[in-house]
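Numbered according to our numbering, the sequence shown spans residues 16 to 240.
By construction, the Cβ of each residue, glycine as well, lies at the ideal position given by its N, Cα and C atoms.
Reading through the structure tokens given below for one structure.
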Amino acid sequence: MAQYDAFAEQYNEMVETGRSEAAYRYVLEQLRPLGLEGMQGCDIGCGQGELAVRLERLGAAMTGVDLSGRLLDYARRKSGGTAWVQDDAMTLASLPDGAYDFSVSCVMLVDVPDHRSVFAAASRILKPGGTFVWIITHPCFQSPFSAPEGDGSRRIREYTPQFWISSGTGTIRSTVGAYHRPLADYVNSFLEAGFTLLRVDEPARPDAAVDRLPLYFGAIGRKPL
């Protein structure tokens, strides 16, 4: 938690520059058709709270969960209507079973050592029939072991390593690192948590003309009745 607190300001600035906009847009597009007015929602790994606040504006009663107290401080400045909770995404121990109509995880699974536990916790807190939307940087094309080529393609050097730390210094990822896992690992773990997979998507950058490969991988699933 301390390492994320140390870079809370950088995380907040990154959101303010719009770098996460495509991921937010994807989650919102999946959830709008549900009609969120009056629904109970949970943003798992909410960070500075930007996505939770947008969902609140669509009528949902939101709970935002993050392990970083400093990031939650930024979130509280955005909205007093959302319930901001400091908790571990791998357990969500402070949240009750079967309390939420939907939950989301937006580019957070790369930050946890056990993504299977996140899927299990997300299932536990959902009502039967509840919806879970998650999105990550695409593990096939946006891994630390890939590099852009001049023609918009990417060279993939390795695919299966499970953890990496950026070789840079003074950046968020050089300090906290990130977990890279094969795509099949994410999808199979999602199914093993009991979700019914409804659809998958591969959102591209807003300026897709300069990159012919997707930036993200997203999925939406439902907890069985």
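_Does Gln55 come out as helix, strand or coil in the three-state DSSP assignment?_
strand
Leu212, DSSP secondary structure in three states = strand
Which listed residue (Ala208, Leu206, Gly233 and Arg227) has its alpha carbon closest to that of Glu217:
Gly233
From the DSSP output, in three-state form, read off Leu110 for me.
-> coil
Buried versus exposed call for Thr211 [16 or more other C-beta atoms within 10 Å across all chains shown]:
exposed
**Q.** Helix, strand or coil at Ser118 [DSSP, three-state]
**A.** The answer is strand: DSSP assigns Ser118 an E or B state.
Q) What is the DSSP secondary structure of Gln63, reduced to helix, strand or coil? A) coil
Practice task
State the Cα-Cα distance for the pair Thr146 and Leu230, rounded to the nearest angstrom.
Solution key: C-alpha of Thr146 to C-alpha of Leu230: approximately 23 Å in a straight line.
Within a Cβ cutoff of 7 Å, which residues of the same chain sit near Val66, ignoring the five residues on either side of it in sequence? It is Leu, not Val, that sits at residue 66 in the sequence shown. Residues of the same chain with a CB within less than 7 Å of the CB of Leu66, apart from the 5 flanking positions on each side, are Tyr39, Val42, Asp58, Val119 and Cys121 in chain order.
Between which two residues does the alpha helix (DSSP H) carrying Gly84 extend? Gly84 to Lys93
Counterpart residues of Met77 in DSSP-defined beta bridges: Gly56
**Study point:** Exposed unless 16 or more other CB atoms sit within 10 angstroms - verdict on Pro111
**Key:** exposed
If you draw a straight line from the alpha carbon of Arg47 to that of Pro128, how long is it in whole angstroms?
31 Å
Residues bridged to Ile150 (per DSSP):
DSSP lists Cys121 and Gly233 as partners of Ile150.
Query raised in the report: Given 8 Å as the limit, is there contact between the stretch 87-97 and the stretch 126-140, that is, 3 or more CB pairs closer than that?
Result: In short, these stretches do not touch, since the Cβ pair count stays below three.
Just verifying my parser: in three-state terms, what is the DSSP assignment at Pro239? coil
Less than 8 Å separating the beta-carbons of Gly144 and Arg214?
Note that the C-beta distance between Gly144 and Arg214 is not below 8 Å.
Assign Glu52 to buried or exposed, taking buried as 16 or more other Cβ atoms, counted over all protein chains shown, within 10 Å of its Cβ.
-> exposed
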